[in-house]
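First comes the structure, then the notes that go with it.
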Ligand code: UDP
């Protein structure tokens, strides 16, 4: 983890936002905070923690980050839980449930002590019930879109969640009506504008990187950056691209996706996506194995004529804010946290189908002044709402409130 200094955020987020963080952090000086999640790399949660934890430290807290240790079979189960919570009618077998619990029990034994614990997503939800960090205030942070949670899997999760002092969801619509817990917070995630992925990159450098990976920076370019996952609908993106191509024959499509450690389906779905692309000129799927790192993601997002995030379910979709921050209009699936970020017709478009996605892409490809206006609006929307300083302040407020109240976990 790279150390970070709040001073570096003044120019980007504004002095007021940074002062607000410092003020809110003061009563928490020295508090031992432990974030726990399932993976150090890949996906939005790791992305956030790489910034949030060092910033908490800079704000005066004794913040740490631990990653659950598990066998590959554990991730098969947690991926099933993730998919069921996002609406797939999957059931957990008794063996699945046992593996889920036993893996977390093993991790409890090595958990450091803390005053405040934030357990992220289902992979860590049982740690508290199994005896982790007694005496700490515990928060469960759910990053998943629960709007259509499969009832039996939610029922399995619910008692574990309810042991916590608080739960954080990205949107009110994700809070399950039967959840009984002391405190529910609605806190959307945010991006870090100082990272290699989000800080400025000269236009010539983005163009060079994109060219190096087989794209022509002078031709129109659609970009989707996502894990290869059915919820991100990469096959639908290719279909939309093909519709766009009938009117704009030189359009290109870059699909970038890292293969996350806790996402066993990734490699298989990448194969399906590549097969669907069928070697067509103009489309390429690239991953970390092709050398796609933060700088490359940044370059593609910047070089994009339009960023696409055609998800069918989405906890938040950091990539949407990442695109908007780079002054690129974003077309996103109208689901989960995406409508928080895309103001339809102002900084991008919300879409419900392949056809609509293609139509909106055509509108944007044909209208450079519209793209410029939307790009500026997107940058400002993210600056006000989705920078990490705001996310950090929200956590600090919650910690203060939790320390003031009784411990219920
Ligand atoms: N990401 C990346 N390389 C890739 C694909 C994704 O660095 O090839 C990053 C992306 O830039 C974003 C995060 O992984 O910061 C994905 O977060 P998001 O919330 O969009 O989706 P999640 O994967 O958590 O569902």
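In our numbering, the protein residues as written are 1 to 409.
For each residue, glycine too, the CB sits at the ideal point set by N, CA and C.
*Spatial distance of residue 251 from residue 72 (CA atoms)*: Looking at the two C-alpha atoms, the distance is approximately 39 Å.
*asked:* Using 7 Å as the threshold, is the C-beta distance between residue 150 and residue 121 below it?
replied: no
*Less than 6 Å between the CB of residue 292 and some heavy atom of the ligand ZN, yes or no?*
As far as ligands go, the structure on display features the ligand UDP and does not contain the ligand ZN.
_Do residue 330 and residue 323 count as a contact pair if the criterion is CB distance below 7 Å?_
yes
*Contact under 7 Å by Cβ, residue 284 with residue 214*: yes
*Proximity to residue 52 [Cα-Cα], best of 91, 347 and 9*: 9
*Roughly how many whole angstroms lie between the Cα atoms of residue 420 and residue 385?*
Residue 420 falls outside the range modelled here, since the chain spans only 1 to 409, and no answer is possible.
*DSSP on residue 278, reduced to helix/strand/coil?*
The three-state reading of DSSP puts residue 278 in coil, since its state is none of H, G, I, E or B.
*Over what stretch of residues does the beta strand (DSSP E) that includes residue 340 continue unbroken?*
Here residue 340 belongs to no beta strand (DSSP E); instead the alpha helix (DSSP H) covers 338–341.
*Span of the alpha helix (DSSP H) holding residue 288?*
Judged by DSSP secondary structure, residue 288 falls outside any alpha helix (DSSP H); it is assigned neither H nor E.
*Would you call the CB atoms of residue 44 and residue 260 closer than 7 Å?*
no
_For residue 347, three-class secondary structure by DSSP_ = coil
*Could you pull out every residue in the same chain whose Cβ sits closer than 7 Å to the Cβ of residue 388, ignoring the five residues on either side in sequence?*
51, 52, 55, 190, 191 and 192
*DSSP on residue 327, reduced to helix/strand/coil?*
DSSP places residue 327 in coil when its eight states are reduced to three.
*Separation of residue 212 from residue 224, as counted between CA atoms*: 18 Å
*Going by DSSP, what residues sit across from residue 186 in a beta bridge?*
169
*Taking the Cβ atom as the reference point for each residue, do residue 303 and residue 153 lie within a distance shorter than 7 Å?*
no
_Cβ distance (whole Å) where residue 292 is taken to contact residue 253 below 8 Å_ = Residue 292 to residue 253, Cβ: 15 Å. No contact.
*Considering residue 223, what are the terminal residues of the beta strand (DSSP E) in which it resides?*
Counting along the chain, the beta strand (DSSP E) containing residue 223 begins and ends at 221–225.
*What did DSSP end up calling residue 137 once you bin it into helix, strand or coil?*
strand
*Note the first and the last residue of the continuous alpha helix (DSSP H) segment covering residue 403.*
388–404
*Can you find a heavy atom of the ligand UDP that lies under 6 Å from the Cβ of residue 376?*
no
*Exposed or buried, which one is residue 96 when buried takes at least 16 other CB atoms within 10 Å?*
buried
_Cβ-based burial, residue 111 [other Cβ within 10 Å; buried from 16]_ = buried
*According to DSSP, what are the bridge partners of residue 256?*
225 and 286
*Minimum C-alpha distance to residue 59 - residue among 82, 80, 33 and 66*: 33
*Grouping DSSP H, G and I as helix and E and B as strand, with all else coil, what is residue 22?*
helix
*To the nearest angstrom, how far is it from the Cα of residue 117 to the Cα of residue 70?*
20 Å
*Would you mind sorting residue 5 into buried or exposed? The rule is 16 or more other CB atoms within 10 Å of its CB.*
With fewer than 16 Cβ atoms within 10 Å of its Cβ, residue 5 is classed as exposed.
_Measuring straight from C-alpha to C-alpha, what distance separates residue 208 and residue 90?_
45 Å
_Under the three-state DSSP convention, the category residue 81 falls into_ = helix
*residue 62 bridges to which residues according to DSSP?*
Partner(s): 32.
*DSSP three-state call for residue 301: helix, strand or coil?*
helix
*Mind checking whether the beta-carbon of residue 316 lies closer than 6 Å to any heavy atom of the ligand UDP?*
Result yes, Cβ under 6 Å from the ligand UDP.
*asked:* Nearest by alpha-carbon distance to residue 174: which of 64, 313 and 401 is it?
replied: 313
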